[in-house]
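Protein chains in written order, with our numbering: chain A, 15 to 295; chain B, 8 to 325.
Glycine included, C-beta positions come from ideal geometry on N, C-alpha and C.
From a predicted model like this one, the values you see are computed outputs, not experimental measurements.
These notes concern the structure reproduced below.
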């Protein structure tokens with residue numbers, strides 16, 4: 015690890031909010047991945063005798079319209095949210111980084127065309143595009159990751175392109191051409207490594223956005239299909255029975271979303287402060 | 008300025024052209040091709056061939072594209088067999104309602120977010136700023152649908168002050184019966200305030216660190232005069248761009264709010280179409296919201312350039 019990385023870690027550790035975010039996120043990961051081992055629930059079979067049970071001894075957060083344990087559903091829903099969120103963010107960031115750095119490095123006409131494509135796709139509101147894709151194919155974890163990645167590579171592409179435009183004129187990048195290296199080599203070996211801090215910060219926020227998107231899609235009935243559980247799915251159940259006073263269908267799942275997203279955003283803010291050269295001074 | 012406008016118009020047209028490619032591509036990405044998707048899985052081969060011939064889907068792709076583009080430009084966005092209505096008539100009915108919802112929500116959001124963000128920027132890192140930051144940070148992480156559920160639970164179910172469903176009728180009839188509009192507009196405003204006020208705050212903080220602020224202070228201007236006469240205008244001009252950039256996001260928020268409150272707007276139409284696999288309607292809505300976004304960000308850029316001469320010089324030259 016070089017000294018800049020160590021500096022960044024030290025600065026992140028001193029940021030109380032960022033550390034709080036990290037602790038919250040770790041707690042959420044434990045809850046979603048280890049929780050079901052400690053509190054195993056049957057989320058596959060419906061049990062119509064136990065519908066809408068209020069929180070009590072057998073069901074700490076009550077049951078839903080099909081008699082399934084809400085606590086168990088929130089843990090499993092969180093698993094899907096985190097897996098899809100992290101995978102989609104990784105894919106989107108890699109795609110965007112490659113696209114943006116090539117565009118910025120090549121410059122000129124190619125850059126104009128590539129960036130107009132980004133402008134065009136970005137002006138199609140993401141939620142509409144995602145709902146369209148969800149209507150085309152039966153949503154599964156794989157298709158959700160693909161759909162969210164396909165709609166979120168645009169922002170990292172723009173960010174990296176901006177940095178690549180500046181980097182391409184620096185001597186160490188120009189040297190690659192002089193020494194006979196290919197554009198691909200210049201981009202992957204010299205441009206991209208210098209955009210890593212931007213990418214890390216953006217990828218963090220992408221995870222939060224992706225989690226909100228999955229929740230929204232599931233809420234709108236176009237998320238992962240049963241028996242897969244989702245936070246948005248629990249909440250749409252809550253909306254259906256809004257006048258019945260089943261508060262345990264409304265509050266816990268929503269809180270889980272907010273806690274996760276707040277935690278990730280806090281980490282993202284902390285990383286930005288730790289990695290940006292301005293605060294390093 | 009003329010040069011700036013011309014450049015920006017050319018850019019917007021290029022973007023629209025690519026948007027049209029994307030939507031045309033989506034039309035052909037439909038499962039089993041457009042005919043199968045529109046006529047349904049039980050349509051006979053003969054019916055599909057007849058449909059393809061009638062609608063020109065048996066022509067070479069470039070010719071199909073031109074034909075489709077021509078139809079679109081004449082306002083023919085296809086026909087919804089599921090609703091037995093033309094897509095353009097469905098849009099004509101719903102777009103004004105969505106415009107009203109988005110317009111009202113954004114207007115209220117801007118009117119609240121600007122003073123809040125400005126106050127936070129001026130009182131940076133004091134208790135008031137920290138409290139407001141915490142509130143907006145949590146609001147920002149809140150999905151619009153959960154926020155509307157909480158508002159419904161409190162204001163409609165517990166207190167019974169406002170109905171949990173949007174009123175019906177055209178935009179004017181809706182405005183005549185505003186109690187049903189309160190919760191949808193409030194939801195949309197709150198999520199928008201969360202992101203806008205953060206932006207205004209950081210924009211204000213950035214302006215307060217500029218040299219001209221130090222000069223004005225050195226010349227004896229008090230904080231009040233400084234903020235009102237110098238910082239405000241400079242901190243606000245980026246907000247115009249923000250409005251343009253946020254449009255796709257606000258339209259997405261509007262879709263969610265419309266779905267929760269059964270608000271009969273374009274988002275609701277799209278949501279129903281997505282559930283019923285009514286592809287002509289979906290494609291028509293995607294096209295119209297995208298054009299709306301392109302035009303919106305174009306207008307926002309013009310507004311920004313009108314407010315800030317540096318921007319138009321920069322873009323006019325590059």
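Which one or two residues does DSSP pair with residue 86/B in a beta bridge? 93/B
For a contact meaning CB atoms closer than 7 Å, what does residue 145/B contact in chain D? Annotation note: the requested chain D is absent from the structure, which comprises protein chains A and B.
Tell me whether the beta-carbon of residue 29/B lies closer than 8 Å to the beta-carbon of residue 134/A. yes
Distance CB(residue 242/B)-CB(residue 214/B) smaller than 8 Å: yes
Anything in chain A within Cβ reach of residue 282/B, meaning under 8 Å, just list it in chain order. 149, 235, 236
For the 8 Å Cβ check, are there 3 or more pairs between the segment 270-279 of chain B and the segment 227-234 of chain B? no
Is DSSP giving residue 51/B helix, strand or coil here? coil
Just to confirm, are residue 40/A and residue 93/A a CB contact at a threshold of 8 Å? no
Identity of the residue in 240/A, 24/A, 217/A, 265/A nearest residue 82/A by Cα: 240/A
Is there at least one Cβ from chain B nearer than 8 Å to residue 130/A's Cβ? yes
Check whether the Cβ of residue 135/A lies closer than 8 Å to any Cβ atom in chain B. yes
With distances taken Cα to Cα, identify the nearest neighbour of residue 73/A among 63/A, 80/A, 85/A. 85/A
Is it the case that the Cβ atoms of residue 119/A and residue 197/A are separated by a distance below 8 Å? yes
Exposed or buried, which one is residue 59/A when buried takes at least 16 other CB atoms within 10 Å? exposed
Cβ of residue 197/B versus every heavy atom of the ligand NAP: is any distance shorter than 7 Å? As far as ligands go, the structure on display features none, and thus does not contain the ligand NAP.
Please state the DSSP three-state secondary structure of residue 55/A. coil
In its own chain, which residues sit with a C-beta less than 6 Å from the C-beta of residue 253/B, not counting the 5 before and 5 after it? none
Just the Cα atoms here: how many angstroms apart are residue 278/A and residue 218/A? 7 Å
Whose C-beta lies closer than 8 Å to the C-beta of residue 324/B among residues of the same chain, with five residues either side of it excluded? Annotation note: pLDDT 48 at residue 324/B (below 50); position unreliable, coordinate value reported separately. Excluding positions up to five away in sequence, the list is empty.
Given this structure, state the Cα-to-Cα distance separating residue 11/B from residue 304/B, to the nearest angstrom. 14 Å
If we ignore side chains and look at the alpha-carbon of each, how far apart do residue 23/B and residue 179/A end up? 25 Å
Once DSSP output is grouped into helix, strand and coil, what is the label at residue 19/A? helix
If you compare alpha carbons, which of 249/A, 270/A, 284/A, 289/A is closest to residue 263/B? 249/A
Taking C-beta pairs closer than 7 Å, name the residues in chain A that residue 21/B reaches, listed in chain order. 130
In terms of alpha-carbon separation, which member of 55/B, 247/B, 95/B lies closest to residue 114/B? 247/B
Let me check one thing: in DSSP terms, what residues is residue 77/A bridge-paired to? 83/A
Is residue 169/A closer than 8 Å to residue 208/A when the C-beta atoms are compared? no
Quick one, which residues of the segment 160-178 of chain B are near chain A if we go by CB-CB under 7 Å, in chain order? 160, 164, 171
Under three-state DSSP, which class holds residue 172/B? coil
Can you tell me which of 61/B, 119/B, 48/B puts its alpha carbon nearest to the alpha carbon of residue 39/B? 48/B
Alpha carbon to alpha carbon, what distance is there between residue 174/A and residue 117/A? 9 Å
Quick one: list the residues of chain A neighbouring residue 304/B, beta-carbon separation under 8 Å, in chain order. 137
Does residue 220/A pass the burial test, meaning 16 or more other C-beta atoms within 10 Å, or should it be called exposed? buried
Can you say whether residue 201/A is buried or exposed, counting buried as having 16 or more other CB atoms within 10 angstroms of its CB? buried
Alpha-carbon spacing of residue 89/B relative to residue 147/B, whole angstroms: 37 Å
Using 8 Å as the threshold, is the segment 134-148 of chain B in touch with the segment 164-184 of chain B, meaning 3 or more CB pairs across them? no
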